[in-house]
Amino acid sequence: MFFRKILIICLFFLLSTIFSITLASDNDETILKSKDMQNQNVSGLTSGSNNNESISPEQALEIQKQMATFKEKQLEALKELEDLDKE
Amino acid sequence: MNRNLFFLIFFFFKNAFAVDYVIGSGSEFKMTTNKGESADLSIYITDSSFTKLGVEYFFSAGGSFLKTEVWQQFHLGLGGSRLTLDDGYILSDDMKRPEIMNKEFIASKSDGVNVEDFFYSKSSDIEKFKIGEEKIEVPAGTLLTTHYKKANNGQIVDFWVSDKAGAIGLVKLISSGRTANQNYRIELMSLLKNVKAKINPTEAVPLTEKGKFFLRPRSK
Chain A
1 MFFRKILIIC LFFLLSTIFS ITLASDNDET ILKSKDMQNQ NVSGLTSGSN
51 NNESISPEQA LEIQKQMATF KEKQLEALKE LEDLDKE
Chain B
1001 MNRNLFFLIF FFFKNAFAVD YVIGSGSEFK MTTNKGESAD LSIYITDSSF
1051 TKLGVEYFFS AGGSFLKTEV WQQFHLGLGG SRLTLDDGYI LSDDMKRPEI
1101 MNKEFIASKS DGVNVEDFFY SKSSDIEKFK IGEEKIEVPA GTLLTTHYKK
1151 ANNGQIVDFW VSDKAGAIGL VKLISSGRTA NQNYRIELMS LLKNVKAKIN
1201 PTEAVPLTEK GKFFLRPRSK
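Sequence lines, in order, name chains A and B.
The first sequence begins at 1 in the numbering used here and counts up by one.
The second sequence begins at 1001 in the numbering used here and counts up by one.
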């Protein structure tokens, strides 16, 4: 349970970081920070899990894979933003 | 504090019949109390039709290792001349299934401002509480808002709303009052989209003691 809580917290903050893209406004038009949750629960991880069970090694591996994928997507998004800036 | 969350549903009054409520859209807020406690609060649309609006809250509080996560989902009736609160559900990270909030908790009222105080059927109902247009800065950004002030039984709620702030519309809220749980502030951290609802009402069971614990009034 303890381990699972830490993983949830870590993933939540990771998701928060990945999906938070601050867009600077260069004119009077208001642009607010926005997060796309991509059809996930807003807490990031707890959907469908049995809250009284510890996380299994397989689940931990899956989470690690997801985190790696999210990091890749973040880098891709940042690169796209850089490309847009150059254009 | 959960009781305070309950009345936050009022944000939907703002343009209850004019805004296109996209399922999964919402807002993420940071809530802080005068005692230095803070909590993350997200509110998002779970159901939207001509006669019904579903909204879910995600509330996360506590330190990193003693975190409490609570979801509440409410269904509002839009069919009549006035907004109605039809049913509600609660789920915590320690509950296996969502629980049905019975009428006792849905209809319960706090000493100060209550959810019904913010249910308006037309824009003129709220205009009398308008203070003015103000440009304010919150973590989500800087924007022009409309400032309103509403008071009841010693609780004063100042709130700033904007059409730019998505389906929920709230940008900032400051509540002050005689009791400890009436003193807090809320600021918009980010808009949300494509949020998946946590609570499935078809899986809900009657309210247990654990559910009542989360819903009972906190010490003042």
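We treat Cβ as the ideally placed atom computed from N, Cα and C, and that holds for glycine.
CB-CB length for residue i against residue j, believed under 8 Å
i       : j       : result
G1169/B : V1161/B : 5 Å
K1030/B : E1187/B : 5 Å
G1026/B : I1045/B : 6 Å
N1194/B : Q38/A   : 6 Å
E1056/B : G1211/B : At roughly 16 Å, the Cβ-Cβ gap does not stay under 8 Å, so E1056/B and G1211/B are not in contact.
E1133/B : L1144/B : 6 Å
Status (buried if at least 16 other CB within 10 Å, exposed otherwise) for residue i
i       : result
V42/A   : buried
E1203/B : exposed
D1040/B : buried
K79/A   : exposed
N1181/B : buried
Q64/A   : exposed
T1208/B : exposed
S1049/B : exposed
E76/A   : exposed
Which residues DSSP lists as bridging residue i, in chain order
i       : result
D36/A   : K1193/B
F70/A   : In DSSP, F70/A forms no bridge with anything.
T1033/B : Y1184/B
G1088/B : F1074/B and M1101/B
Q1155/B : N1152/B
S1060/B : D1040/B and E1069/B
Inter-residue spacing [alpha-carbon to alpha-carbon] between residue i and residue j
i       : j       : result
G1141/B : L1192/B : 14 Å
Q1073/B : I1090/B : 6 Å
A1189/B : N1200/B : As written in the sequence, residue 1189/B is Met, which differs from the Ala given in the question. Their Cα atoms are separated by approximately 26 Å.
D83/A   : F1058/B : 36 Å
L1173/B : A1197/B : 25 Å
K1150/B : V1171/B : 16 Å
S47/A   : T1146/B : Interpretation of S47/A is limited by its pLDDT of 36, a score under 50 that renders its predicted location unreliable; the figure taken from the coordinates is listed afterwards. Approximately 37 Å, taken between the alpha carbons.
K1035/B : S1175/B : 13 Å
G1077/B : E1104/B : 18 Å
E1028/B : Y1148/B : 20 Å
D1086/B : F1159/B : 25 Å
E62/A   : K1164/B : 38 Å
L1138/B : T1033/B : Reading off the sequence, residue 1138/B comes out as Val, not Leu. If I take the Cα positions, the gap works out to 17 Å.
Contacts that residue i makes with chain D (C-beta to C-beta distance below 8 Å)
i     : result
K33/A : The structure shown has no chain D; the protein chains it does contain are A and B.
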